[in-house]
Every structure is written in C-alpha cells, then in structure tokens.
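Chains as they are written, first to last, in our numbering: chain A, 10 to 305; chain B, 106 to 480. Built from N, CA and C at the ideal position, the CB exists for glycine as well.
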Amino acid sequence: MSSEETPVRRLGGGRMKDALLGYAFILPSLVIFGAFFFYPLFRLFYLGLYQQNRFGTSQRYVGPSQYTKVLSSKDFLDGLSISGRYVLLTVPLGLVLGVMLAVSANRRLRGIKIFQTIFASTVATSVAVASVVFFVLINPQVGYFRDVHFLSLSDPATALRGVALSSVWQNLGLTFVITLAGLQAVPEEIYEAATLDGYGPIRRFFRVTLPLISPTMMFLVVVLVVFAFQAFGQVDILTGGGPAGSTETLVWKIWHSTNPLDQGTGSVMAIGLFAITLVVTGVQFGLLNRRVHYGS
Amino acid sequence: MSEVIFEGITKRYDDVVAVDQLSLDILDEEFMVLLGPSGCGKTTALRMVAGLEAITEGTLRIGDRVVNDVEAKDRDVSMVFQSYALYPHMTVTKNIESPLVARSFVVDGETEPRKLTKAERATRVHDAAGSLGLEDLMARKPAALSGGQRQRVALARAIVSRPAAFLMDEPLSNLDAKLRAQTRLELVDLHRRLATTFLYVTHDQVEAMTMATRIAIMSEGRLQQVGPPQAVYERPHNLFVARFIGSPPMNTVAGRLVIDHGEAFVDLGTGRFAVSASTSASEVERDHVADGTDVIVGVRPEHLTIEVGGPVEATISGVEWLGHERHVMCEISGTTVIVRQPSEGPAPHLGDRVRLGALPHEMHLFDPTTTERLN
Numbered sequence: 010m011s012s013e014e015t016p017v018r019r020l021g022g023g024r025m026k027d028a029l030l031g032y033a034f035i036l037p038s039l040v041i042f043g044a045f046f047f048y049p050l051f052r053l054f055y056l057g058l059y060q061q062n063r064f065g066t067s068q069r070y071v072g073p074s075q076y077t078k079v080l081s082s083k084d085f086l087d088g089l090s091i092s093g094r095y096v097l098l099t100v101p102l103g104l105v106l107g108v109m110l111a112v113s114a115n116r117r118l119r120g121i122k123i124f125q126t127i128f129a130s131t132v133a134t135s136v137a138v139a140s141v142v143f144f145v146l147i148n149p150q151v152g153y154f155r156d157v158h159f160l161s162l163s164d165p166a167t168a169l170r171g172v173a174l175s176s177v178w179q180n181l182g183l184t185f186v187i188t189l190a191g192l193q194a195v196p197e198e199i200y201e202a203a204t205l206d207g208y209g210p211i212r213r214f215f216r217v218t219l220p221l222i223s224p225t226m227m228f229l230v231v232v233l234v235v236f237a238f239q240a241f242g243q244v245d246i247l248t249g250g251g252p253a254g255s256t257e258t259l260v261w262k263i264w265h266s267t268n269p270l271d272q273g274t275g276s277v278m279a280i281g282l283f284a285i286t287l288v289v290t291g292v293q294f295g296l297l298n299r300r301v302h303y304g305s
Numbered sequence: 106m107s108e109v110i111f112e113g114i115t116k117r118y119d120d121v122v123a124v125d126q127l128s129l130d131i132l133d134e135e136f137m138v139l140l141g142p143s144g145c146g147k148t149t150a151l152r153m154v155a156g157l158e159a160i161t162e163g164t165l166r167i168g169d170r171v172v173n174d175v176e177a178k179d180r181d182v183s184m185v186f187q188s189y190a191l192y193p194h195m196t197v198t199k200n201i202e203s204p205l206v207a208r209s210f211v212v213d214g215e216t217e218p219r220k221l222t223k224a225e226r227a228t229r230v231h232d233a234a235g236s237l238g239l240e241d242l243m244a245r246k247p248a249a250l251s252g253g254q255r256q257r258v259a260l261a262r263a264i265v266s267r268p269a270a271f272l273m274d275e276p277l278s279n280l281d282a283k284l285r286a287q288t289r290l291e292l293v294d295l296h297r298r299l300a301t302t303f304l305y306v307t308h309d310q311v312e313a314m315t316m317a318t319r320i321a322i323m324s325e326g327r328l329q330q331v332g333p334p335q336a337v338y339e340r341p342h343n344l345f346v347a348r349f350i351g352s353p354p355m356n357t358v359a360g361r362l363v364i365d366h367g368e369a370f371v372d373l374g375t376g377r378f379a380v381s382a383s384t385s386a387s388e389v390e391r392d393h394v395a396d397g398t399d400v401i402v403g404v405r406p407e408h409l410t411i412e413v414g415g416p417v418e419a420t421i422s423g424v425e426w427l428g429h430e431r432h433v434m435c436e437i438s439g440t441t442v443i444v445r446q447p448s449e450g451p452a453p454h455l456g457d458r459v460r461l462g463a464l465p466h467e468m469h470l471f472d473p474t475t476t477e478r479l480n
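Below you can see the structure in the form of structure tokens.
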C-alpha cells in the first residue's frame with residue numbers, strides 16, 4: 010500500500026540541491042541502463058532502417074518500409090508462431106509442476122531441506138548443461154529415451170516439445186524456489202483457521218493458498234513467458250532450429266539472420282520481439298493484477 | 106452440554122513437556138481464562154482443544170464426546186487467533202461465511218448434519234455481523250479495516266457457526282490499551298448473550314480478573330490453581346500464584362515462624378507480624394509448621410500500613426506517585442516490600458525509618474521449599 014507523501018517544499022537553492030542529489034543517486038544505474046539497454050535499443054531502431062550487403066561491409070538506407078516488410082514476412086510470423094507455441098508448451102506445465110513441488114516440499118518434515126535443495130538445484134544449471142542433459146536423454150540416435158516418440162527431436166511434429174521439456178526442467182528450480190518463498194510467507198494461523206473451517210487440502214489450496222501467493226504466481230508467469238520468448242540456447246544445442254525449421258523460434262531466427270548476414274532484418278525482428286514481449290507483459294499485468302491479492 | 110474436560114492431558118515435543126498432566130473441568134457456559142506467563146503451556150492446551158495439536162497423553166472431552174482423535178472441523182469449536190487470521194483476499198462477508206461453507210451442521214428441528222443452503226448461510230452471516238456491528242463493513246477486505254474492526258470480524262467468524270465452545274488465544278493483545286479495555290466489556294457481554302463455554306488464553310492478569318468466571322493459572326506446563334478471580338487473589342495456593350496475580354505483586358519476605366504463648370508470629374529480623382488470628386497456633390502446628398520453621402510470608406501491598414507503633418521496622422527506599430495512590434518501597438532486612446497508600450497526606454521521605462503493620466488474617470504463609478501455602 011503506497012502512501013502519497015507530501016513533498017517538503019524548500020526555497021530555491023535547497024530544492025535544486027535535493028534534485029541534483031537525487032540525480033546523483035540514480036546516475037550509476039542510468040549509466041548502466043544507458044550503455045546496455047537504451048543505447049542498443051536505439052541502435053536497433055537505427056539498424057532497422059538500413060540494409061546490409063551479404064558481407065556486412067556496406068549498408069544503404071531503406072527507411073521504415075523495412076519494418077512493415079519484415080514484420081509481415083512469413084519468416085517472422087513463422088518464428089512468432091513457434092515462439093508462441095513454445096510459451097504455451099513451457100509456461101503452464103512449468104508453473105504447475107513447480108507449484109506442485111513447492112507445495113509438497115513446504116512442510117515441516119525431518120530431512121525436507123534435502124528435497125528442497127534437490128528441487129531447487131536446476132536453478133544452478135546453465136542452459137548448456139540442461140541442454141546436454143536432455144540431449145543425452147532424448148537424442149534420436151543416442152538418447153536413453155529415443156523411443157519416446159512424442160518427444161522425438163527428429164520429427165518436426167514433436168521436436169519443439171522435446172526442446173520445451175528441457176526448458177521446463179531447467180526453469181523448475183526457479184519456479185520451485187520462488188513459489189516456496191511465497192508459500193512460506195503465508196502465516197501459519199491462516200492455514201489453521203482454514204483447518205478449523207473444515208477446508209480439505211484441495212479447497213484450502215484453491216481458496217486460501219493460491220490467492221495468497223498470487224503476487225508470486227503473477228511474477229512467475231511474467232518471467233516464464235519472457236524466458237520462453239527469449240529461449241535460444243536450448244534450441245541451438247538440441248535441434249539447431251530443425252528439423253525442417255520446426256524449432257526456429259523468433260530469437261533463433263534473429264540470431265540466424267544477423268550472423269553474419271543482414272543486420273537490418275534481424276534488428277527489425279528484434280524490435281518486433283521486444284514490442285511483443287512488452288505488450289504481452291503489459292496485458293498480463295493488466296489482466297492478472299485484478300485477480301492478484303497484495304498483502305494487507 | 107458443552108463442558109470441556111481435560112483428564113491428565115500431557116503434551117510432549119521430543120524431550121520438552123509443554124503441558125504436564127493437566128486436569129481441568131471447564132463447565133458449560135463458563136468463561137474460563139487460562140492465565141500464565143509465556144511458555145507456560147496455556148496456548149498449547151488451547152490448541153489441543155482446537156485440534157491443532159495432537160494430545161500425547163490423557164483424555165479430552167468436549168460435551169459428552171472424547172475428542173482426542175476427532176478432526177478439528179468436527180469438534181464443534183471455533184477459535185479467535187491472536188493475529189485474527191482473517192483471509193486477506195476475502196471480503197468481511199466471505200470471511201465470516203467461511204466456517205459455514207465446507208462443514209456440515211445440525212439445523213434446528215433436524216437430526217442429521219448437512220451442508221447449509223446459501224440462504225441459511227446468508228442469514229447466519231447477517232446475524233453474526235449484526236451482533237458485532239459490522240453491517241457497514243461487509244464489502245471491505247481486512248486490509249481496509251482497523252485493528253478493532255478486524256478483531257470483531259474474527260469474533261463474528263467464530264460465532265457464526267454457533268459452536269459448543271469458543272477458544273480465544275490472546276485476542277486482545279494486538280489492540281491499544283483503550284480499545285482493549287472496551288473490548289473486555291464487549292467480550293463479557295458477548296459471553297452473556299451467547300451463553301456458551303469460553304476458553305480464553307492470556308498472560309494479562311487484568312483480562313483474567315475482569316472477564317473470567319474462573320481462572321486457571323499455569324506455570325511450566327502445570328496447573329497451579331483454579332478458582333474465581335477473587336478467590337485466586339485472596340487465597341493463592343502457592344508462591345507462584347501469589348506473585349503472579351496482583352499489581353503490584355504480593356510482597357514476599359523470608360522469615361521464621363515463632364510460637365509465643367500460643368500465638369503465631371513471623372519474625373522478619375526487624376520485628377514480627379502476628380499471623381492467622383483465625384488459625385490457632387495448634388492448627389498451625391498440626392499443618393507440620395513448628396516453632397522455628399523457615400517460612401515465606403506474603404502480604405499484599407494494600408494490606409501493609411505504615412503506622413506508629415507497628416511491629417516491624419523498615420526503611421523507606423523509594424516512593425512512586427501514581428495520582429490516585431502511591432507506592433512506598435520499604436526495606437525489611439534487605440528485602441524490598443511495597444506499601445500501597447492513598448495519595449493524600451504527607452509522603453514519607455527516602456531513608457526514613459518507619460514501622461509497618463498488617464492484620465494477622467491478611468498474612469499468607471508459604472513453604473520456602475515446596476512453595477505451597479501453609480495457612
């Protein structure tokens with residue numbers, strides 16, 4: 010609950026001094042954001058207006074028309090569709106599994122810390138390691154589960170699922186840790202009140218636990234969606250975009266088109282992805298916020 | 106019938122005994138206060154009644170049922186928590202309705218328990234809210250309520266299921282002093298209107314004295330004394346109760362029992378108080394208290410007087426003025442005792458040597474070893 014404080018009004022020099030001091034405090038983060046976020050973003054907009062030759066040695070101005078052309082191209086829309094499917098494959102499953110693990114590990118049992126540590130361990134795993142693990146598990150030639158066809162990386166119809174599964178697994182630790190923290194912030198007395206009110210485990214979860222950890226869920230949905238839109242390492246290591254382009258997510262396409270060719274097209278796609286992520290996140294805040302309860 | 110009966114109830118956590126062989130009958134429609142310092146086991150005892158803690162040993166009855174193995178929701182009790190434990194995401198209406206949603210109830214005129222209809226629930230919520238003056242707050246969420254309002258919502262949620270017994274765990278401790286005093290009166294009124302058994306846990310003796318039908322005083326997991334507030338105050342069974350009840354607490358001074366010409370006295374080194382005019386020396390001796398026995402004598406501050414020619418000599422070591430009265434600290438052989446005086450009249454001065462007097466029947470004698478009452 011934010012309370013609006015009446016700013017203390019000072020005369021002339023005092024206010025100026027306060028303002029300068031304020032800017033001085035935000036300067037370090039402004040510099041970092043400027044160098045690593047605002048400048049590259051601006052640079053992307055700029056590059057999107059130009060077309061490069063195939064060696065990247067010279068460029069010419071083509072103007073805003075490149076934006077409409079690229080953003081309506083089949084290539085971009087295919088990538089968007091695959092990224093969208095990737096979000097749908099990873100976010101709900103990852104969230105449900107993570108919450109289930111967190112709820113099951115959120116109890117006072119001897120040795121529960123061991124399970125909590127195991128469940129959380131994938132946080133410490135890099136994309137490369139996670140991908141190699143899944144490569145060993147589901148690789149069509151050498152994987153232990155190469156006969157599990159609904160995950161087959163060699164079938165265009167199922168390859169995205171295999172990649173998605175590795176993402177789900179890798180993000181599970183994060184979902185688990187954050188959900189567990191959310192669960193542990195719920196006062197014990199509320200659960201006891203629910204017990205006396207005769208709530209069974211399922212009613213208690215949906216009527217009490219879930220509403221009380223909704224800010225955590227909200228945060229996780231946004232983060233997992235952004236992660237899914239940005240997925241690259243898994244795709245590159247497990248399938249390299251194949252088979253038959255079936256796992257070419259938007260980020261993979263951006264990387265592919267800019268390296269080493271055609272920075273202009275890649276930049277426009279990157280701007281497109283940025284805009285989509287921004288809108289999706291905005292919509293999530295708008296929609297979910299109404300159903301989210303922020304503490305007392 | 107909704108007595109709550111503890112029969113030899115023990116609660117152990119590993120090696121720690123939280124409640125030790127508690128036997129206590131809480132009568133139907135009684136306002137019983139479990140009183141004691143923190144860690145004395147009072148809250149654990151309450152939680153065992155609620156069904157939130159398992160009972161290690163003993164038998165617990167609510168009404169005519171043994172409830173040791175009955176689930177919390179089926180015990181027909183409701184509880185007001187110290188933090189109120191309102192559901193922050195629900196409106197006042199939903200909070201109060203909550204105990205009615207999942208449980209089954211025996212409706213008047215029927216014999217089998219069943220789920221209440223929506224209309225029945227609405228009526229009960231309306232009644233409960235009305236009796237606590239919450240009608241205008243029904244659409245709010247707890248975050249938009251004051252502490253006192255939240256407390257009343259918690260009470261409404263407790264009464265809405267019309268339970269056999271109400272359990273309250275320090276429900277006033279989060280209120281400010283003024284609201285606490287007001288809510289004490291409201292709780293007494295609520296108890297009168299509902300005519301149901303209340304089991305109330307507190308460490309605050311004022312709450313206990315003002316609201317209880319009877320007080321059960323606990324210390325270190327053990328029941329020390331049970332009785333109406335006045336009886337507990339006037340005749341504490343042991344040193345713990347003597348020192349715990351009363352503000353300022355009872356003065357306790359080590360002394361020696363002297364039988365002189367058939368009269369009993371306690372010698373404090375600087376003089377001797379006569380004790381127990383109603384109890385003859387022979388009765389004292391019959392209670393295994395012989396001439397020369399070490400005792401601890403207790404006397405309440407309001408029963409000590411500074412008087413010319415009093416039997417015990419003391420030195421004034423401090424004076425506290427409280428407006429309507431004053432507390433005079435006096436040293437007797439190295440022990441400080443408090444004399445409560447009206448604030449009129451000249452105050453004694455620091456360092457003055459005075460004489461203290463007290464009526465024999467106001468003297469409480471305790472065994473220094475067992476701490477039990479002797480007279």
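Distance CB(residue i)-CB(residue j) smaller than 7 Å
{"i": "Ala-177 of chain B", "j": "Gly-156 of chain B", "result": "yes"}
{"i": "Thr-131 of chain A", "j": "Gln-193 of chain A", "result": "no"}
{"i": "Phe-236 of chain A", "j": "Val-260 of chain A", "result": "no"}
{"i": "Ser-140 of chain A", "j": "Gln-243 of chain A", "result": "yes"}
{"i": "Arg-226 of chain B", "j": "Leu-239 of chain B", "result": "no"}
{"i": "Gly-376 of chain B", "j": "Glu-412 of chain B", "result": "no"}
{"i": "Leu-373 of chain B", "j": "Ile-437 of chain B", "result": "yes"}
{"i": "Pro-268 of chain B", "j": "Pro-353 of chain B", "result": "no"}
{"i": "Pro-247 of chain B", "j": "Pro-193 of chain B", "result": "yes"}
{"i": "Val-358 of chain B", "j": "Thr-440 of chain B", "result": "yes"}
{"i": "Gly-273 of chain A", "j": "Ser-266 of chain A", "result": "no"}
{"i": "Glu-112 of chain B", "j": "Thr-164 of chain B", "result": "yes"}
Assumed close pair residue i, residue j - CB separation to whole angstroms, cut-off 8 Å
{"i": "His-408 of chain B", "j": "Leu-464 of chain B", "result": "7 Å"}
{"i": "Val-186 of chain A", "j": "Ile-222 of chain A", "result": "About 13 Å; that fails the 8 Å criterion."}
{"i": "Ile-246 of chain A", "j": "Ala-173 of chain A", "result": "The Cβ separation is near 14 Å, so there is no contact."}
{"i": "Leu-181 of chain A", "j": "Leu-98 of chain A", "result": "The Cβ separation is near 14 Å, so there is no contact."}
{"i": "Val-363 of chain B", "j": "Leu-260 of chain B", "result": "Their Cβ separation, rounded to whole angstroms, is 55 Å, which puts Val-363 of chain B and Leu-260 of chain B out of contact at 8 Å."}
{"i": "Ile-322 of chain B", "j": "Tyr-338 of chain B", "result": "The Cβ separation is near 11 Å, so there is no contact."}
{"i": "Leu-191 of chain B", "j": "Arg-285 of chain B", "result": "Not confirmed; about 19 Å, so no contact."}
{"i": "Val-197 of chain B", "j": "Val-154 of chain B", "result": "Wrong, their Cβ atoms sit about 27 Å apart, outside the cutoff."}
C-alpha gap between residue i and residue j, whole angstroms
{"i": "Gly-23 of chain A", "j": "Ala-452 of chain B", "result": "56 Å"}
{"i": "Lys-116 of chain B", "j": "Ser-128 of chain B", "result": "13 Å"}
{"i": "Met-227 of chain A", "j": "Phe-214 of chain A", "result": "16 Å"}
{"i": "Ile-167 of chain B", "j": "Leu-295 of chain B", "result": "21 Å"}
{"i": "Arg-212 of chain A", "j": "Leu-205 of chain B", "result": "14 Å"}
{"i": "Val-289 of chain A", "j": "Val-231 of chain A", "result": "9 Å"}
{"i": "Thr-286 of chain A", "j": "Lys-199 of chain B", "result": "37 Å"}
{"i": "Asn-356 of chain B", "j": "Asp-457 of chain B", "result": "20 Å"}
{"i": "Phe-124 of chain A", "j": "Ala-114 of chain A", "result": "7 Å"}
{"i": "Ala-129 of chain A", "j": "Leu-183 of chain A", "result": "7 Å"}
{"i": "Asp-125 of chain B", "j": "Ala-249 of chain B", "result": "42 Å"}
{"i": "Met-109 of chain A", "j": "Asn-62 of chain A", "result": "52 Å"}
{"i": "Gly-414 of chain B", "j": "Phe-378 of chain B", "result": "12 Å"}
{"i": "His-366 of chain B", "j": "Asp-396 of chain B", "result": "11 Å"}
{"i": "Ser-255 of chain A", "j": "Lys-262 of chain A", "result": "12 Å"}
{"i": "Leu-290 of chain B", "j": "Met-316 of chain B", "result": "8 Å"}
{"i": "Ser-175 of chain A", "j": "Ala-279 of chain A", "result": "24 Å"}
{"i": "Thr-398 of chain B", "j": "Leu-479 of chain B", "result": "11 Å"}
{"i": "Gly-462 of chain B", "j": "Gln-446 of chain B", "result": "13 Å"}
{"i": "Phe-144 of chain A", "j": "Tyr-153 of chain A", "result": "9 Å"}
{"i": "Phe-46 of chain A", "j": "Leu-39 of chain A", "result": "10 Å"}
Contact with chain D by residue i, beta-carbon distance below 7 Å
{"i": "Leu-151 of chain B", "result": "Reference to chain D is not applicable here, since the protein chains of this structure are A and B."}
Worksheet item: Listed from N- to C-terminal order along the chain, which residues in the region 178 to 189 of chain B have their beta-carbon within a distance smaller than 9 Å of any beta-carbon of chain A?
Response: Lys-178, Asp-179, Arg-180, Val-182, Ser-183, Met-184, Phe-186, Gln-187, Ser-188, Tyr-189
Worksheet item: Of all the residues that make up the region 202 to 215 of chain B, which are near chain A by a beta-carbon distance shorter than 8 Å?
Response: Ser-203, Pro-204, Val-206, Ala-207, Arg-208
Worksheet item: Any residues in the region 176 to 208 of chain A with a beta carbon nearer than 7 Å to a beta carbon of chain B? Which ones, in chain order?
Response: Pro-196, Glu-198, Ile-199, Glu-201, Ala-202, Thr-204, Leu-205, Asp-206, Gly-207, Tyr-208
Discussion item. To be precise: take each residue of the region 212 to 239 of chain A, compare its Cβ to all Cβ atoms of chain B, and keep it if any distance is under 7 Å. Which residues remain?
Written reply: Arg-212, Val-217, Pro-220, Leu-221
Worksheet item: Quick one: any contact between the region 161 to 170 of chain A and the region 129 to 143 of chain B, if contact means 3 or more CB pairs under 8 Å?
Response: no
Worksheet item: When the Cβ atoms of the region 233 to 252 of chain A are set against those of the region 43 to 51 of chain A, are three or more pairs found closer than 8 Å?
Response: no
Practice prompt. Say whether the region 54 to 71 of chain A touches the region 201 to 208 of chain A, bearing in mind that this needs 3 or more beta-carbon pairs closer than 8 Å, one atom from each stretch.
Written response: no
Item to complete: Give a yes or no on contact between the region 274 to 292 of chain B and the region 306 to 326 of chain B, applying the rule of three or more CB pairs nearer than 8 Å.
Response: yes
Practice prompt. Would you list, in chain order, the members of the region 415 to 437 of chain B that have their beta-carbon closer than 8 Å to a beta-carbon of chain A?
Written response: none
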